[in-house]
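Residue numbers (my numbering): 26 to 173.
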């Protein structure tokens, strides 16, 4: 509900970096992580999917919806990449580096090609998307810093 509160601090932080990557949840309707895709299940219950345990979420960030849009006012012209997560209808993706089924997103290679060794992460959902991205950044050999 207060997601816009992070916009100004993110813009200020982003001004300090040459390489900027944005992530965007971009789920198709009926995504496997949505409780609505599992009759009789409620948000925040856990189910077992092909790749393991999955927390069920309320429908969110549905492709093309206002809820999936990047925050108004974010306006980061230096961001050369917007990495969309959750595109696969059967696999969730908290991390910007690795999807829940272990599929790599290619972000590690993208960053290495640009000489990045330290990844600074911030945003919403620090307990999921930001945290999982930080852990996977470390696993990929990057120094990872989370700004909360």
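We put the beta carbon where it would ideally sit given N, CA and C, even for glycine.
| said: I'd like the list of long-range same chain contacts for residue 120, defined as Cβ closer than 6 Å, with 5 residues on each side in sequence excluded. | reply: One-based indexing of the chain shown puts residue 120 at position 95. For residue 120, where only same-chain residues beyond five positions count, the Cβ hits under 6 Å are 157, 158 and 161.
| request: Give the single residue among 93, 79 and 78 whose Cα lies nearest to the Cα of residue 85. | output: The residue given as residue 85 occupies position 60 in the chain shown. When only C-alpha atoms are compared, the closest one is 93.
| request: For residue 111, count neighbouring C-beta atoms within 10 Å of its own C-beta (all shown protein chains included) and say buried if the count is 16 or more, exposed if not. | output: Mapped onto the chain shown, residue 111 falls at position 86. With at least 16 other beta carbons inside 10 angstroms of its own, residue 111 counts as buried.
| request: Count the other CB atoms, across all protein chains shown, that sit within 10 Å of the CB of residue 122; report buried if there are 16 or more and exposed otherwise. | output: What you label residue 122 is simply residue 97 of the chain shown in a count that begins at 1. It counts as buried.
| request: Apply the 10 Å Cβ neighbour rule to residue 48 and answer buried if 16 or more other Cβ atoms are within range, or exposed otherwise. | output: For the purposes of this step, residue 48 is taken as residue 23 along the chain shown, with counting starting at 1. Residue 48 should be labelled buried.
| Which value, in whole angstroms, describes the spacing of the CA atoms of residue 132 and residue 125? | Residue 132 sits at position 107 when you count from the first residue of the chain shown. Residue 125 sits at position 100 when you count from the first residue of the chain shown. Across the structure, residue 132 and residue 125 are spaced so that their CA atoms are roughly 15 Å apart.
| Per-residue DSSP class, three states only, for residue 172 | Residue numbering aside, residue 172 sits at position 147 when the chain shown is read from its first letter. Looking at residue 172 - three-state DSSP - the assignment turns out to be coil, as it is neither helix nor strand.
| Exposed or buried, what is residue 130 when buried is set at 16 or more other beta-carbons lying within 10 Å of its beta-carbon? | For the purposes of this step, residue 130 is taken as the residue at position 105 of the chain shown. Label assigned to residue 130: buried.
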